[in-house]
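Numbering (this note's numbering), first residue to last: 129 to 333.
Using N, Cα and C, we set each Cβ at its ideal position, and we do this for glycine too.
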Amino acid sequence: MKKGLFITFEGADGCGKTTQINLLKEYLENQGYEVVLTREPGAKGLGEKVREILLNYDGVVSDRCESFLFLADRAQNIDIIVNPAVAAGKIVLCDRHIDSTVAYQGFGRGLDRKRIKMLNDIATNGRKPDLTIVFDIDVETSMKRVGKEKDRMESAGIEFHNRVRNGYLEIAKEEPERIKVVNAAASIDVVFENVKTIFHKTLQK
Ligand code: TYD
129 MKKGLFITFE GADGCGKTTQ INLLKEYLEN QGYEVVLTRE PGAKGLGEKV REILLNYDGV
189 VSDRCESFLF LADRAQNIDI IVNPAVAAGK IVLCDRHIDS TVAYQGFGRG LDRKRIKMLN
249 DIATNGRKPD LTIVFDIDVE TSMKRVGKEK DRMESAGIEF HNRVRNGYLE IAKEEPERIK
309 VVNAAASIDV VFENVKTIFH KTLQK
């Protein structure tokens, strides 16, 4: 049986990771792999309801409450979608995961990162991605890509998003084996070539 893989895609809002996930999915399926696509927040089913609250609720949301909502969605995603698919030998591509909470709630909102990592560990039951690709881009370019219609998170301001970006780079330095950084300011084709190279290296391990 084929070995399953769990790959996560991370980066600032507007970094282009969703385009790259779709390209990789198509590429892998053409090679005969079974691919499952998922995302956080908003894993299929209950996660979609949680996503709606997280992105569109216009009342006050405390930083800790926000974190727990992301974590609840994560637990559901891991238990219901990721683990069964990987166990069945599929490749799971996940749009955002544990590192988003460290980058956004930790570096961005300023919550204690050690505790966030502990909570991530509970939400995932200790499972870590086999590979994480961080799409790095300067905040000015990414915010231009997002455009004027911003959701609750995207409206958090330029300083917040700078902290998130630098946070991702720091996280990547802490776990260089798992986390690879790609320059997302390059063209879609160039970025995708890098993604493929990184994927094949992981497969060889
Ligand atoms: P989404 O529309 O999925 O953004 P993108 O298309 O850029 O991935 O919105 C998810 C938002 O939630 C995004 O701003 C990042 C944020 N987020 C957190 O703050 N913490 C988390 O743990 C996760 C998973 C996402």
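Beyond the five residues adjoining it in sequence on each side, Thr252 comes within less than 7 Å, by CB distance, of Arg202, Ile206, Ile226 in the same chain, given in chain order. Proximity annotation: the ligand TYD has residues Asp141, Glu168, Phe198, Arg224, Ser228, Thr229, Tyr232, Met281 in chain order, each selected because its CB is closer than 5 Å to a heavy atom of the ligand. Under the three-state reduction of DSSP output, Asn253 falls in the coil class, being neither helix nor strand. Taking 8 Å as the cut-off, the beta carbon of Lys153 is found closer than this to the beta carbon of Val163.
With distances taken between CA atoms, Leu151 lies nearest to Leu221 out of Pro212, Phe288, Asp191, Leu221.
Pairing Val323 with Ala312 gives a Cβ-Cβ distance that is not under 8 Å. Sequence-distant Cβ neighbours of Leu156 in its own chain, meaning closer than 7 Å and more than five residues away, are Val163, Ile219. Annotation for Lys308: Ile261, Ile326 place their beta carbon closer than 6 Å to its own, counting only its chain and skipping 5 residues before and after. Within the DSSP bridge table, the entry for Arg167 names Asp223 as partners. Annotated as proximal: Gly142 and Val274, with beta-carbon spacing under 8 Å. In the structure shown, Val309 falls within a strand segment according to DSSP collapsed to helix, strand and coil. In this structure, the beta-carbon distance from Gly175 to Phe263 does not fall below 8 Å. Inside the stretch 182-230, DSSP marks whole alpha helix (DSSP H) runs of 4 or more residues at positions 191-204, 211-215, from first to last along the chain. Rounded to whole angstroms, the Cβ separation of Gln233 and Asp191 is 7 Å, and the two are in contact under 8 Å. Here DSSP, grouped into helix, strand and coil, assigns Gly139 to strand.
Beta-carbon to beta-carbon, Met281 and Leu183 are separated by about 7 Å, close enough to satisfy the 8 Å threshold. Ile261 sits in a strand when the DSSP states are folded into three classes. Assignment of Leu331 by DSSP, reduced to helix, strand and coil, places it in the helix class. When DSSP states are grouped into helix, strand and coil, Leu239 belongs to the coil group. Per DSSP, Ser270 is one residue of the alpha helix (DSSP H) stretching across 267-274.
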